[in-house]
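Asker:
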Amino acid sequence: MEWFHAIEWAPFVLSFKLAGLTAAILFFVALPFAWFLSQTRSRSKPFLEAFTALPIVLPPSVLGFYMLLLLSHNSPIGHFLEETFNIKLAFSFTGLVIASCFYSFPFMVQPLQSGFESLNPHMIEASYLAGKSSARTLWSVALPNIKPSLLTALIVTFAHTVGEFGVVLMVGGNIPHETRVASVAIYDLVEVMDYEKANIYAGLLLAFSFSVLLMVYWFNHRQKMRVGMV
Amino acid sequence: MLKMAFERQLCGSSGKMTLHVNIDVNKGDFVVIMGESGAGKSTLLRTLAGLEDAYGSIIFEDTAWLEGTKKLAVQQRNVGFVFQDYALFDNMSVKENLLFVNPDNEFAQTLLEMMEIAQISHRNVRQLSGGQKQRVALARALMRRPKLLLMDEPLSALDPRMRRKLTGQIKMLHERFEMTTLMVSHDVNEAKEMATRLWFVENGQVAEYPLSVLDTLYKEE
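Chains as they are written, first to last, in my numbering: chain W, 1 to 230; chain L, 1 to 221.
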């Protein structure tokens, strides 16, 4: 158990805190957006979808670079926040949360959107015909019928945020207890050639990622069995 | 009571065409709408319900539902609509499907008993047979006491015995709640049983025929 005591848990706690906050914020931001995308017949849909998917294909360093520019005190937004509320975003935990929300946005939007698009459109229309608003339909009819997609969206967003590295390093740097998350801590350990510790940290993240994915696939498989699709 | 004069583009099986609707409905009519697949029958009902855009005018009891391209929201029309594929809320029980539309427990119970599905009111709708599902859908469509009931091939997915049973129930509901009903159907028997008026949709035009046409069609079949 010696290795267990050698672990410094702060980076993991920070990673999970960041991932939990990101998933919670994104749920409320991405839910109406995914609903809109699934229902709209607007010509702007492909543009919005392409924009949403950007973080998947962009190198994290590119995204991180732009986020850093956006959040730094030289930018209008960063300047305004620093002057008015004394909030410093670059190289801070708050900045990390904002950057993570951009970075993980598609991982929340896409499962929700495809879940909504797989629903019988007549079921949605039946709710409108019953006099219900779009928001009420989303909450009481659409969302309860896409539970597997909802779980996938939440968990994959959480796991993906735990696994992010490039954006975190660019925006947050490597400040202990503030921005040094687990993935950055591993990078740090390898740099000082502490392979033994790096191995433990990496192993923990590997086990975590696998368990999370296993949970998602297992739940979705069981859900499909229940509704008789398998 | 219901005056329709509108048109709308269709992408039918035979390419693009325009659906022209210029016809009136009187209170208490039971209109059966027949015609080839893709002729625009469903589009006619969906436009009337507010689910599709169109150009022209729809006036229901002095309220404009459509004026030019400006349409009254689906939610504000209070139309009862029954889909061929039932379109029930899968996350709810039979009774919850009704109460979601209108939280009037007593009326829900009355409708469930009239449709002979009170004994399954707590079952999840996923577990029901096609006939049961369609009876739930019918009851649900009536929860807001609509004056206008629209049905898009409500019986075509059911077996003959269930069709006969539901034909009787639909007729009973139409009379009991003094509704005006428009129903799309392919079945001559159904039409003979229920229709007080008969429309055919052909090449984007809606034309009225006398009910005696049904006897001719019946003999041909």
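In this text, a Cβ means the ideal position worked out from N, Cα and C, and glycines have one as well.
Treat the numbers as computed from the prediction; the structure is a model and nothing was measured.
For the alpha helix (DSSP H) holding G20(W), just list the boundary residues, first then last.
Answerer: 10-39
Asker: Indicate the three-state DSSP secondary structure (helix, strand or coil) for A90(W) in the structure shown.
Answerer: coil
Asker: Can you tell me the Cβ-Cβ gap for A23(W) and T161(W), rounded? I've got them flagged as a contact below 8 Å.
Answerer: 7 Å
Asker: Determine, using beta carbons only, whether F6(L) and H122(W) come nearer to each other than 7 Å.
Answerer: Taking 7 Å as the Cβ cut-off, F6(L) and H122(W) do not qualify as a contacting pair.
Asker: Nearest chain W C-beta to Q9(L) closer than 7 Å, yes or no?
Answerer: no
Asker: Output needed in chain order: residues of the segment 122-155 of chain W with a Cβ under 8 Å from some Cβ in chain L.
Answerer: H122, M123, E125, A126, S127, Y128, L129, A130, G131, K132, S133, S140, V141, P144, N145
Asker: If we cut at 7 Å on Cβ distances, does N26(L) have a partner in chain W?
Answerer: no
Asker: Against R161(L), what residues of chain W qualify as contacts under a CB-to-CB distance less than 9 Å, listed in chain order?
Answerer: Within chain W, no residue comes near R161(L); the closest Cβ sits about 25 Å away, beyond 9 Å.
Asker: Among W65(L), V213(L), N97(L), which one has its Cα closest to the Cα of I33(L)?
Answerer: Ranking the options by Cα distance to I33(L), first place goes to V213(L).
Asker: State the DSSP-derived secondary structure class of G28(L), mapped to helix, strand or coil.
Answerer: coil
Asker: When the Cα of S129(L) is compared with those of A157(L), F200(L), D104(L), which residue comes out closest?
Answerer: A157(L)
Asker: Kindly indicate the opening and closing residues of the beta strand (DSSP E) around D152(L).
Answerer: Where D152(L) is concerned, the enclosing beta strand (DSSP E) stretches over 148-152.
Asker: Which ranges would you report for the alpha helix (DSSP H) in the segment 33-84 of chain W if only whole runs of at least 4 residues count?
Answerer: 45-57, 60-71
Asker: Distance, Cα to Cα, S100(W) vs V167(W)?
Answerer: Their backbone Cα atoms lie some 8 Å apart in a straight line.
Asker: Cutting at 7 Å between CB atoms, please list the residues of its own chain near G28(L), excluding the five before and the five after it.
Answerer: E178, T180
Asker: Scan the segment 60-137 of chain L and note each continuous alpha helix (DSSP H) run of 4 residues or more that stays entirely inside, going in chain order.
Answerer: 94-101, 105-114
Asker: In chain order, what residues of the same chain have a beta carbon less than 6 Å from the beta carbon of V216(W), not counting five sequence neighbours either side?
Answerer: Only T152, I155 meet the Cβ criterion.
Asker: Below 7 Å between beta carbons: does that hold for L58(W) and L71(W)?
Answerer: no
Asker: As a quick exercise: from G168(L), T216(L), K165(L), L149(L), pick the residue whose alpha carbon is nearest that of M222(L).
Answerer: Residue 222(L) falls outside the range modelled here, since chain L spans only 1 to 221, and no answer is possible.
Asker: Of all the CB atoms in chain W, is at least one closer than 7 Å to the CB of L149(L)?
Answerer: No, its Cβ sits nowhere closer than 7 Å to a Cβ of chain W.
Asker: Rounded to the nearest angstrom, what separates V201(L) and E36(L) at their Cα positions?
Answerer: Between V201(L) and E36(L), the alpha-carbon positions lie close to 7 Å from each other.
Asker: Beta strand (DSSP E) containing F200(L): first to last residue?
Answerer: 197-202
Asker: Could you tell me the alpha carbon to alpha carbon distance between E52(L) and H79(W), rounded to whole angstroms?
Answerer: 48 Å
Asker: Between A49(L) and V74(L), how many whole angstroms is the CB-CB distance? I'm expecting something under 8 Å.
Answerer: 6 Å
Asker: Determine the DSSP secondary structure at S209(W), reduced to helix, strand or coil.
Answerer: Correct three-state label for S209(W): helix.
Asker: Cβ of A87(L) less than 7 Å from any chain W Cβ?
Answerer: Yes - at least one Cβ of chain W is within 7 Å of the one on A87(L).
Asker: Where does I155(W) fall in DSSP's three states?
Answerer: helix
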